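S.K.:
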Amino acid sequence: MTVPLEHVLFVSAGLFLLGLLGVIVRRNLLIIYMSLELMLNAGNLALVAFSRFNNDLNGQILVFFIITVAAAEVAVGLALIVALYRKRHTAHVEDLTAMKL
Amino acid sequence: MHNLLFYFFAGLTLLCGALVVVNPFSRNPITSAMFLVLTIASLAGIFVLLDAFFLAAVQILVYAGAVIVLFLFVIMLLNLKEEQRRQIRTFGLVTGLISVVAISAVFARTFMSARLHNTAPLPAVPGATRPLGALLFSQYLLPFEIVSVLLLVAMIGTILLSKRDV
Numbered sequence: 039m040t041v042p043l044e045h046v047l048f049v050s051a052g053l054f055l056l057g058l059l060g061v062i063v064r065r066n067l068l069i070i071y072m073s074l075e076l077m078l079n080a081g082n083l084a085l086v087a088f089s090r091f092n093n094d095l096n097g098q099i100l101v102f103f104i105i106t107v108a109a110a111e112v113a114v115g116l117a118l119i120v121a122l123y124r125k126r127h128t129a130h131v132e133d134l135t136a137m138k139l
Numbered sequence: 115m116h117n118l119l120f121y122f123f124a125g126l127t128l129l130c131g132a133l134v135v136v137n138p139f140s141r142n143p144i145t146s147a148m149f150l151v152l153t154i155a156s157l158a159g160i161f162v163l164l165d166a167f168f169l170a171a172v173q174i175l176v177y178a179g180a181v182i183v184l185f186l187f188v189i190m191l192l193n194l195k196e197e198q199r200r201q202i203r204t205f206g207l208v209t210g211l212i213s214v215v216a217i218s219a220v221f222a223r224t225f226m227s228a229r230l231h232n233t234a235p236l237p238a239v240p241g242a243t244r245p246l247g248a249l250l251f252s253q254y255l256l257p258f259e260i261v262s263v264l265l266l267v268a269m270i271g272t273i274l275l276s277k278r279d280v
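Chains as they are written, first to last, in the numbering used here: chain A, 39 to 139; chain B, 115 to 280.
(1) Would you say residue 146 of chain B reaches chain A, if we count a Cβ-Cβ gap shorter than 8 Å as a contact?
(2) Secondary structure at residue 127 of chain A, three-state DSSP: helix, strand or coil?
(3) DSSP beta-bridge partners for residue 66 of chain A?
(4) If I measure Cβ to Cβ from residue 31 of chain A and keep anything under 6 Å in the same chain, skipping five residues before and after, which residues do I get?
(5) Quick one: list the residues of chain A neighbouring residue 143 of chain B, beta-carbon separation under 7 Å, in chain order.
(6) Note down, one range per segment and in chain order, each beta strand (DSSP E) of at least 3 residues found wholly within the region 51-122 of chain A.
(7) How long is the line joining the alpha carbons of residue 252 of chain B and residue 259 of chain B, rounded to whole angstroms?
(8) Contact criterion: CB-CB distance below 8 Å. Does residue 136 of chain A meet it with respect to chain B?
(9) How long is the line joining the alpha carbons of residue 180 of chain B and residue 109 of chain A, rounded to whole angstroms?
(10) Examine the Cβ distances between the region 115-122 of chain A and the region 43-58 of chain A and report whether three or more of them are shorter than 8 Å.
(11) Which residues of chain A have a Cβ atom closer than 7 Å to the Cβ of residue 154 of chain B, listed in chain order?
(12) Put residue 139 of chain B into one of helix, strand or coil per three-state DSSP.
(13) Quick one: what's got a C-beta closer than 7 Å to residue 49 of chain A's C-beta in the same chain, skipping five residues either side?
(14) Can you tell me the Cα-Cα spacing of residue 41 of chain A and residue 165 of chain B, whole angstroms?
(15) Using a Cβ cut-off of 9 Å, pull out every chain B residue sitting near residue 87 of chain A, in sequence order please.
(16) Quick one: what does DSSP say residue 278 of chain B is sitting in, helix, strand or coil?
(17) For residue 62 of chain A, which of B:141, B:262, B:250, B:207 has the nearest alpha-carbon?
(18) In the DSSP assignment, find the unbroken alpha helix (DSSP H) run with residue 245 of chain B in it and report its ends.
(19) Going by C-alpha to C-alpha distance, which of B:224, B:167, B:210, B:141 sits closest to residue 189 of chain B?
(20) How long is the line joining the alpha carbons of residue 126 of chain B and residue 263 of chain B, rounded to whole angstroms?
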């Protein structure tokens with residue numbers, strides 16, 4: 039592997055920015071959730087790259103924990119979305135204005 | 115060969131990630147979920163190229179296997195029809211672009227100022243899975259156990275939230 043570290047980090051940063059754009063611009067709750075997953079994956083990629091280029095396995099352990107926590111988070115979040123859909127019959131953030139002043 | 119594969123997977127990751135967020139052809143959430151699978155699979159490819167074989171396998175099993183199936187289940191459960199093309203509010207678009215530009219400026223500045231002296235390729239960690247497991251079950255044993263409790267809590271929470279009369 040002779041790819042410089044910068045290029046891997048560049049991919050990671052690009053993926054993170056795409057996820058951020060999706061979270062802010064998109065209005066569908068499920069797609070916002072998928073964009074969150076993109077951002078988490080971008081962080082994972084950066085951690086794996088640093089771990090490889092420093093020959094330090096602690097980074098990979100952190101990625102392992104991040105993946106586990108992300109799986110738990112997705113399960114709870116999707117259950118919340120389903121519960122919300124049952125009450126409001128929408129998965130669109132613009133229709134969820136109960137907490138608006 | 116390695117380099118070629120890396121750039122191939124990197125391009126695929128960014129392309130599919132973009133198609134998850136903005137798909138000009140379809141507003142269907144299932145399409146986004148499918149492109150998310152592709153993104154995650156190509157990220158697993160990059161993990162393999164970075165000698166993180168175990169994490170590549172976990173990435174495929176947990177993300178492409180479990181998380182995406184969960185997403186698809188929920189999409190089909192909610193019976194979301196093809197989302198009608200709503201006007202994307204210019205306010206949201208402008209704030210989104212502003213924050214993206216701001217954060218990419220932060221990234222660029224960090225790239226400039228960081229002295230990444232360690233760019234020379236180092237020899238791969240020999241057989242990364244075994245030392246990873248050893249580390250996980252010695253130094254990181256307590257976090258590992260705490261994560262198991264977290265998964266239990268998530269499971270209970272999900273069951274509680276999915277009950278009809280909450």
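Even for Gly, the Cβ is constructed at its ideal location relative to N, Cα and C.
Quick caveat, the model's predicted, so the values are computed rather than measured.
M.R.: The answer reads as follows:
(1) yes
(2) coil
(3) Here residue 66 of chain A is bridged, per DSSP, to A:130.
(4) Only positions 39 to 139 of chain A appear in this structure, which leaves residue 31 of chain A out of reach.
(5) 66, 68, 69
(6) none
(7) 12 Å
(8) no
(9) For residue 180 of chain B and residue 109 of chain A, the distance between alpha carbons rounds to 8 Å.
(10) no
(11) Under the 7 Å cutoff, chain A gives 79.
(12) coil
(13) 83
(14) Whole-angstrom Cα-Cα distance: 13 Å.
(15) 160, 164
(16) coil
(17) B:207
(18) 243-250
(19) Scanning B:224, B:167, B:210, B:141 for the CA closest to the CA of residue 189 of chain B turns up B:141.
(20) 36 Å
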